[in-house]
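Visitor:
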Amino acid sequence: MKLLSAFVALVATVAAVEATGSHRMVRANRHANLAHRAASSSETDGSSRKCNRRHTPTSVHSSATHPVATSSAAHKEAKAVPTTTSSSHKATSTSSKPKETSKASSYAETSSGSDKSSGGSCGNKAAGDITASGGPNGSQKYLNCGIDGSGWNPPDVTVNDLTVKDLNEVRNKAFEPCTDEMISLFYKYGDAFGVPPILLASFAMQESSCNPKTVGGGGEQGIMQISKDKCGGRSPSACQELDFNIKTGAKYFSDQLKGNDDNVILTVGAYNGYYKGMTKADATKAAKSSCCRCQQNLDYLQQFFNGWLLGYSAYDSPIKLGTYFNLEVCGSD
Numbered sequence: 046m047k048l049l050s051a052f053v054a055l056v057a058t059v060a061a062v063e064a065t066g067s068h069r070m071v072r073a074n075r076h077a078n079l080a081h082r083a084a085s086s087s088e089t090d091g092s093s094r095k096c097n098r099r100h101t102p103t104s105v106h107s108s109a110t111h112p113v114a115t116s117s118a119a120h121k122e123a124k125a126v127p128t129t130t131s132s133s134h135k136a137t138s139t140s141s142k143p144k145e146t147s148k149a150s151s152y153a154e155t156s157s158g159s160d161k162s163s164g165g166s167c168g169n170k171a172a173g174d175i176t177a178s179g180g181p182n183g184s185q186k187y188l189n190c191g192i193d194g195s196g197w198n199p200p201d202v203t204v205n206d207l208t209v210k211d212l213n214e215v216r217n218k219a220f221e222p223c224t225d226e227m228i229s230l231f232y233k234y235g236d237a238f239g240v241p242p243i244l245l246a247s248f249a250m251q252e253s254s255c256n257p258k259t260v261g262g263g264g265e266q267g268i269m270q271i272s273k274d275k276c277g278g279r280s281p282s283a284c285q286e287l288d289f290n291i292k293t294g295a296k297y298f299s300d301q302l303k304g305n306d307d308n309v310i311l312t313v314g315a316y317n318g319y320y321k322g323m324t325k326a327d328a329t330k331a332a333k334s335s336c337c338r339c340q341q342n343l344d345y346l347q348q349f350f351n352g353w354l355l356g357y358s359a360y361d362s363p364i365k366l367g368t369y370f371n372l373e374v375c376g377s378d
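Numbering-wise (my numbering), the sequence shown opens with residue 46 and increments by one.
1. Which stretch, first to last residue, makes up the alpha helix (DSSP H) that contains Ser254?
2. Any chance you could list the alpha helix (DSSP H) runs of at least 4 consecutive residues sitting entirely within the region 188 to 212, in chain order?
3. Pick out whichever of Asn290, Pro363, Pro241 and Lys275 has its Cα sitting closest to the Cα of Glu226.
4. Cutting at 7 Å between CB atoms, please list the residues of its own chain near Gly264, excluding the five before and the five after it.
5. Counting C-beta neighbours from all protein chains within 10 Å, is the total for Ser254 16 or more, i.e. buried, or is it exposed?
6. Check whether the region 182 to 197 touches the region 348 to 360, taking contact to mean three or more Cβ pairs, one atom from each stretch, closer than 8 Å.
7. Could you have a look at Thr176 and say whether DSSP puts it in helix, strand or coil?
8. Taking the CB atoms as reference points, tell me whether Gln340 and Ala359 lie closer together than 8 Å.
9. For Phe370, which option in Ser282, Arg338 and Gly294 has the closest C-alpha, if you only look at C-alpha atoms?
10. In whole angstroms, what is the alpha-carbon distance linking Cys375 and Ala332?
11. Please report the straight-line C-alpha distance between Ile364 and Phe238, rounded to a whole angstrom.
12. What residue does the alpha helix (DSSP H) around Met323 start on, and which one ends it?
13. How many whole angstroms separate the CB atoms of Val309 and Thr203, which I take to be in contact at a CB cut-off of 8 Å?
14. Taking the alpha-carbon positions, what's the Val313 to Leu346 distance?
15. In three-state terms, what does DSSP make of Gln270?
16. When you compare the region 242 to 249 with the region 209 to 216, are there three or more beta-carbon pairs, one atom per stretch, that lie closer than 8 Å?
17. Classify Asn305: buried if its beta carbon has 16 or more other beta carbons within 10 angstroms, exposed otherwise.
Set out below in structure tokens:
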């Protein structure tokens, strides 16, 4: 009897490990496909632009006036162009707006990430301007600390350490697909769960391009791509309902962030399938498989923290954000 029990426990453990790996793969594949479709669209529109980088060593700050509390992250991807409403949103709340601050730059300049395998620094100095490989929230090497060596060791950064834009300032730029109702709900539930509204909007763009009808490869639903277990028994259409979907995604992010000791880089990375100890080889091992786009996007953190959060689209900004571009080997598949 003891032998049988031990065998059953072993089988259950193996199944759980395989399920975790499969979930990461599905999530990475969805993000990769969205990025590829957006990039292809940009090329079609002739938007392969370059702009001269500014060299003024000042930080880009939020224009909002209030600090945020800490929180945590949600789920997945797909692409469609939703319709927008004609009225303009005016935020009535201030409690979740990040205050104007240079905390992220000063934090990154004084904190030391260490890639132990190479014995070197993780390139922790933040730049005043957005560049391909850095910006106000830290250099890409800093955000990806350890990935090129012994494994990802995310710097200990909280939401309050970040430099972000107020969503209303940039809503007609990177977040144009998001409707007025969505913008209002990002503010509402950003306030409720202590998350900058632009962070929720960034996940919505990354996961669904603000398309509320998006269904992920694992059955994830709606604008925030919440998993079926978080739908509370609702039908797919009910789970996609904007208020419920955004509220659920915001709460999930908040809970995960708290569970990660408020480390926002760790939590956002996990959103894209990153995990502590992940190496470049781990992230790209699917490159030569039948699912090339199941790789983790090694430029994801640079695009999120120095792109979306500052009002720049990760896919069609004048500066091509990133240094790895590991998904480009996948071509059009």
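We put the beta carbon where it would ideally sit given N, CA and C, even for glycine.
Guide: According to the structure data:
1. Neither: Ser254 is in no alpha helix (DSSP H) and is coded neither H nor E.
2. none
3. Asn290
4. Lys273
5. So Ser254 counts as buried.
6. The way I'd put it, the region 182 to 197 does touch the region 348 to 360; three or more beta-carbon pairs between them come closer than 8 Å.
7. strand
8. no
9. Comparing Cα-Cα distances from Phe370 to each of Ser282, Arg338 and Gly294, the minimum goes to Arg338.
10. Roughly 7 Å between the two C-alpha positions.
11. 32 Å
12. Careful: Met323 lies outside any alpha helix (DSSP H) and carries neither H nor E.
13. A Cβ-Cβ distance of about 6 Å is found for the pair Val309 and Thr203, placing them in contact under the 8 Å criterion.
14. 8 Å
15. Reduced to three states, the DSSP call for Gln270 is coil.
16. Cβ pair count under 8 Å is three or more, so yes.
17. buried
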